[in-house]
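All residue numbers for the sequence shown refer to the UniProt record's numbering, where the first residue is 1 and numbers rise by one. Here a beta-carbon is modelled for each residue, glycine too, at the ideal position from N, C-alpha and C.
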Amino acid sequence: KPKYHMLCHASYWMQQYGPQVNYHVEEEEAMNSCLRLQLEHSNRQGPSRDLAHRFAVSEGLKFILRGGRWVNPKSKELCQA
1 KPKYHMLCHA
11 SYWMQQYGPQ
21 VNYHVEEEEA
31 MNSCLRLQLE
41 HSNRQGPSRD
51 LAHRFAVSEG
61 LKFILRGGRW
71 VNPKSKELCQ
81 A
């Protein structure tokens with residue numbers, strides 16, 4: 001959770017100390033928490049397959065909700081949600 005008051009001092013800190021080290025770690029930790037949540041609902045027999053399936057479903061849903069287009073396999077027509 002960002003502290004907005006700290007942004008007032010960010011330019012000073014950048015001049016004094018340079019860019020932040022390990023800033024990208026927060027993104028990786030967020031991804032790890034997402035993976036852990038997905039694994040809680042798995043039978044742990046094939047965790048890689050379970051994760052791949054769940055992420056594919058969520059990415060497909062995001063694609064459709066953002067107005068993506070795809071070819072209908074039955075009618076061979078271009079569709080959009």
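*Quick one, are the C-beta atoms of Gln-38 and Arg-54 less than 8 Å apart?*
Reading the sequence shown from its first residue, position 38 is the one you call residue 38. Reading the sequence shown from its first residue, position 54 is the one you call residue 54. A contact, by the Cβ cut-off of 8 Å.
*Using DSSP bridges, identify the partner residues of Leu-78.*
Position 78 of the sequence shown, counting from 1, holds the residue named residue 78. Its beta-bridge partners are Val-71.
*Ser-42, DSSP secondary structure in three states*: Residue mapping note: residue 42 aligns to position 42 of the sequence shown, counting from 1. Note: Ser-42 maps to coil in three-state DSSP.
*Taking the CB atoms as reference points, tell me whether Arg-69 and Leu-61 lie closer together than 8 Å.*
Walking along the sequence shown from the start, residue 69 turns up at place 69. Walking along the sequence shown from the start, residue 61 turns up at place 61. Taking 8 Å as the Cβ cut-off, Arg-69 and Leu-61 do not qualify as a contacting pair.
*asked:* Going by DSSP, what residue range makes up the alpha helix (DSSP H) through Lys-62?
replied: Numbered from 1 along the sequence shown, position 62 holds the residue referred to as residue 62. 47-65 is the span of the alpha helix (DSSP H), which, as asked, contains Lys-62.
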